[in-house]
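J.: The structure's right below; bear with me while I get my questions together.
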Amino acid sequence: MRAKSNVIVIDLGACSCKAGFAGEDTPRSNFPTLVAKVKNYDPVLDDAGHDFVVGNMQNANVDIPSILCPFKNGLVSAKEDIEKLFTHIFENELHVDSEKRPIVLSEPLENTKETRSCFAEVLFETFHIPSIFMGSSPSLALYSSCETAGVVLDVGDSFAQVSSIYEWTQMPQTLIRTNLAGMTVSKYFQKCLKDTSYQFTSSNGTTFAKQLKEKLGFVSLDYQKTSQMEDDKKIEYQLGPDSNIKVGKERFMCPECLFQPSLVGMDCDSVATMVYESVMRSDIGLRDDLLKNIVISSGTTLMKGFEERLKKELTSLFEGRSFNLVASPKRLNSVWVGGSIVGSLALFSQMVVTREEFGEVGATALMRRFY
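Residues 21 to 391 (this note's numbering) are what the sequence shown spells out, left to right.
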């Protein structure tokens, strides 16, 4: 990649936000997508002049009940919190003047006109950026693989999404998005451990469940066989200075919901079936090319055993048909890296919506350019 450009790349997820500059290999910043009010805010004593905190809340002087993520299933819950996120990115993380900085912004599949408009209004009207490019997470992940065609399964914290892409163009009929994702696994961990008498407090429950998922959770290659072998095994884990917990079959039972959504009462396709359905919705003449490049991206796909189980399930679904599963060890950042590549393209200035265009026709400009 080239040296740092003036283009800012932002991958704004429900779990974390990654920000940096086009042309670089990794984001400069990665922080939790959380916003909270400062406790006992005093404008005289606060040098920054802000009554809010963004990112890591550990040891921060915040009002605990006010901590929230501004997104729910990809939708914006409060426009003012989006402004706070971007203020934090520009002022505290990247230390830049936004007025001369084009933005590459990731977005979920089938993003709504209202959500796109919200982001554009904040960036154009509050931060006066000159232009914006919005790319779906799957399409940006494909850019990071340096391929022009493929199927991308992106499993983040809020939802899983899959898209079949040919010559860098998403095929609308192949887009699938569900709320089956990392948070589903975390909440299932929380529920299962409550059922075994361990009581999470309301303030730390989700955080500790996510911690257990990431440290101890794994996807079994054969769920039934693992259930028989691991039924009585328990691992003791220290959650805090004075808190230990023993975790048994929950380690593999909870992540299993990604491949058996009915375990959590969800009536939707498994992540493997999503990939299969996306391919089968594409033109029959393109399927062999798509199967040569099945890309997985984002944090939930890094769970131990996920890649191997997905490969096994796809082998069964495609009935032995040849395919290539691409699982980059750096796939946690693959969406951001794809945005970095896009922002470095010689034709980038022709791929954006400018502030002037947005001022003339509003969100219509976004819907025409980014589909």
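Even glycine gets a Cβ: it sits at the ideal position worked out from N, Cα and C.
These numbers were taken from a predicted model, which means no experiment stands behind them.
Label M294 either buried or exposed according to how many other C-beta atoms from any shown protein chain fall within 10 Å of its C-beta, with 16 as the threshold for buried.
T.: In the sequence shown, the residue the question calls residue 294 occupies position 274. The residue is buried, with at least 16 neighbouring Cβ atoms inside 10 Å.
J.: Going by Cα to Cα distance, which pick from N199, V171 and M203 is closest to Q193?
T.: The residue labelled residue 193 in the question sits at position 173 within the sequence shown. Per the Cα distances, V171.
J.: Which residue or residues does DSSP assign as beta-bridge partners of S154?
T.: Residue 154 sits at position 134 when you count from the first residue of the sequence shown. Before going on, a small fix: residue 154 reads as Met here, not Ser. L125, per the DSSP bridge assignment.
J.: Select from L306, K331, K266 and G382 the residue whose C-alpha is nearest the C-alpha of K253.
T.: Sequence index remark: in the sequence shown, residue 253 carries index 233 (1-based). Here the closest residue by C-alpha is K266.
J.: Evaluate contact between the segment 120-132 and the segment 143-162, counting only Cβ atoms and requiring at least three cross-stretch pairs below 8 Å.
T.: yes
J.: P275 by DSSP, collapsed to three states: which one?
T.: Position 255 of the sequence shown, counting from 1, holds the residue named residue 275. Three-state result, P275: helix.
J.: Drop a sphere of 10 angstroms on the beta-carbon of W188, count the other beta-carbons inside from all chains shown, and report buried for 16 or more, exposed for fewer.
T.: Residue mapping note: residue 188 aligns to position 168 of the sequence shown, counting from 1. W188 comes out exposed.
J.: Using 10 angstroms around the beta-carbon of G305, count the other beta-carbons present and answer buried if the total reaches 16, otherwise exposed.
T.: For the purposes of this step, residue 305 is taken as the residue at position 285 of the sequence shown. Label assigned to G305: exposed.
J.: Based on DSSP bridge pairs, tell me the residues matched to D31.
T.: Counted from its first residue, the sequence shown places residue 31 at position 11. Paired residues: K38.
J.: Measure from the alpha carbon of F51 to the alpha carbon of each residue in G382, N353, R389 and E380, then state which is nearest.
T.: Locating residue 51 in the sequence shown gives position 31, where the first residue counts as 1. Out of G382, N353, R389 and E380, N353 has the C-alpha closest to the C-alpha of F51.
J.: Quick one: which unbroken alpha helix (DSSP H) runs of 4-plus residues sit fully inside the segment 248-333? Chain order, please.
T.: Counting whole runs of 4 or more residues, the segment 248-333 contains the alpha helix (DSSP H) stretches 270-273, 291-300 and 307-311.
J.: Under the three-state reduction of DSSP, which class applies to Q190: helix, strand or coil?
T.: Counting from 1 along the sequence shown, the entry for residue 190 is found at position 170. Of the three classes helix, strand and coil, the one that applies to Q190 here is strand, per DSSP.
J.: Evaluate A23 with the Cβ neighbour count: other Cβ atoms within 10 Å of its Cβ, from every protein chain shown; 16 or more gives buried, anything less gives exposed.
T.: Mapped onto the sequence shown, residue 23 falls at position 3. Interpretation of A23 is limited by its pLDDT of 47, a score under 50 that renders its predicted location unreliable; no figure is taken from the coordinates.
J.: Helix, strand or coil for P47? Go by DSSP, reduced to three states.
T.: As a first step, residue 47 must be located in the sequence shown, where it is residue number 27. DSSP places P47 in the coil class of the three-state scheme, outside both helix and strand.
J.: Run through DSSP, which three-state label would K57 get?
T.: By one-based count along the sequence shown, residue 57 stands at place 37. Three-state result, K57: strand.
J.: If we count the other Cβ atoms within 10 Å of its Cβ and call it buried at 16 or more, is L396 buried or exposed?
T.: Beyond the ends of the chain as shown, which are 21 and 391, falls residue 396; an answer cannot be given.
J.: Measure the C-alpha to C-alpha separation of H70 and E111 and round it to an integer number of angstroms.
T.: For the purposes of this step, residue 70 is identified with residue 50 of the sequence shown, where counting begins at 1. For the purposes of this step, residue 111 is identified with residue 91 of the sequence shown, where counting begins at 1. The alpha-carbon atoms of H70 and E111 are separated by roughly 11 Å.
J.: Along the alpha helix (DSSP H) that carries R375, what are the first and last residues, could you check?
T.: In the sequence shown, residue 375 corresponds to position 355, counting from 1. First-last of the alpha helix (DSSP H) with R375: R375 to V381.
J.: Please go through the same chain and pick out, in chain order, the residues whose beta-carbon is closer than 8 Å to the beta-carbon of L105, but skip the five residues on each side of it.
T.: By one-based count along the sequence shown, residue 105 stands at place 85. So the list reads L32, C37, T53, V55, V74 and P90, once near-sequence residues are dropped.
J.: Find the nearest neighbour of S240 within the set I109, E270 and I316, judged by alpha-carbon distance.
T.: Counting from one through the sequence shown, the residue named residue 240 turns up at place 220. Looking at the Cα atoms, E270 is the closest of the given residues.
J.: Can you grab the Cα-Cα spacing for the pair M371 / I149, in whole Å?
T.: Locating residue 371 in the sequence shown gives position 351, counting from the first residue. Locating residue 149 in the sequence shown gives position 129, counting from the first residue. About 15 Å.
J.: Can the beta-carbon of Q210 be found closer than 8 Å to that of A229?
T.: Indexing the sequence shown from 1 puts residue 210 at position 190. Indexing the sequence shown from 1 puts residue 229 at position 209. Yes, the pair counts as a contact, with Cβ atoms nearer than the cut-off.
J.: On the criterion of 16 or more Cβ atoms from any shown chain inside 10 Å, does L334 qualify as buried, or is it exposed?
T.: Sequence index remark: in the sequence shown, residue 334 carries index 314 (1-based). It is buried - the Cβ of L334 has at least 16 other Cβ atoms within 10 Å.
J.: Here's the rule: buried if 16 or more other CB atoms are within 10 angstroms of the residue's CB, otherwise exposed. What is I28?
T.: Taking the sequence shown and counting its residues from 1, the one referred to as residue 28 is at position 8. Per the 10 Å Cβ criterion, buried.
J.: What is the rounded straight-line gap between the Cα of G359 and the Cα of L125?
T.: Residue mapping note: residue 359 aligns to position 339 of the sequence shown, counting from 1. Residue mapping note: residue 125 aligns to position 105 of the sequence shown, counting from 1. Taking the straight line from one Cα to the other gives about 7 Å.
J.: Helix, strand or coil: how does DSSP classify G416 here?
T.: Because the chain in this structure spans residues 21 to 391, residue 416 falls outside the shown range and cannot be described.
J.: Cα separation between M21 and A366?
T.: If you number the sequence shown from 1, residue 21 lands on position 1. If you number the sequence shown from 1, residue 366 lands on position 346. Bear in mind that a pLDDT of 45 at M21, under 50, signals an unreliable position, so the number given afterwards is only what the model happens to contain. Going by the C-alpha atoms only, they are around 12 Å apart.
J.: Can you give me the start and stop residues for the beta strand (DSSP E) that D174 sits inside?
T.: To locate residue 174, count along the sequence shown from 1; it is residue 154. Where D174 is concerned, the enclosing beta strand (DSSP E) stretches over G170 to V175.
J.: What do you get for M300, buried or exposed, if any count of 16 or more other CB atoms within 10 angstroms of its CB means buried?
T.: Walking along the sequence shown from the start, residue 300 turns up at place 280. M300 is exposed by the Cβ-count criterion.
J.: Inspect the beta-carbon positions of N313 and A169 and report whether they are closer than 8 Å.
T.: Walking along the sequence shown from the start, residue 313 turns up at place 293. Walking along the sequence shown from the start, residue 169 turns up at place 149. The answer is yes: Cβ separation under 8 Å.
J.: Hey, is the segment 113-125 in contact with the segment 335-354, meaning 3+ C-beta pairs nearer than 8 Å?
T.: Touching, no.
J.: Who pairs with R197 in a beta bridge, going by DSSP?
T.: Walking along the sequence shown from the start, residue 197 turns up at place 177. Paired residues: Q181.
J.: Should T198 be labelled buried (16 or more other beta-carbon atoms within 10 Å of its own) or exposed?
T.: The residue given as residue 198 occupies position 178 in the sequence shown. Under this definition T198 is a buried residue.
J.: Inspect the beta-carbon positions of S302 and S184 and report whether they are closer than 8 Å.
T.: Taking the sequence shown and counting its residues from 1, the one referred to as residue 302 is at position 282. Taking the sequence shown and counting its residues from 1, the one referred to as residue 184 is at position 164. Yes, these two residues count as a Cβ contact at 8 Å.
J.: Among residues of its own chain, excluding the 5 on either side of K233, which ones have a beta-carbon nearer than 6 Å to its beta-carbon?
T.: The residue labelled residue 233 in the question sits at position 213 within the sequence shown. Excluding residues within five positions, the ones whose Cβ falls inside 6 Å are V205, S206 and F209.
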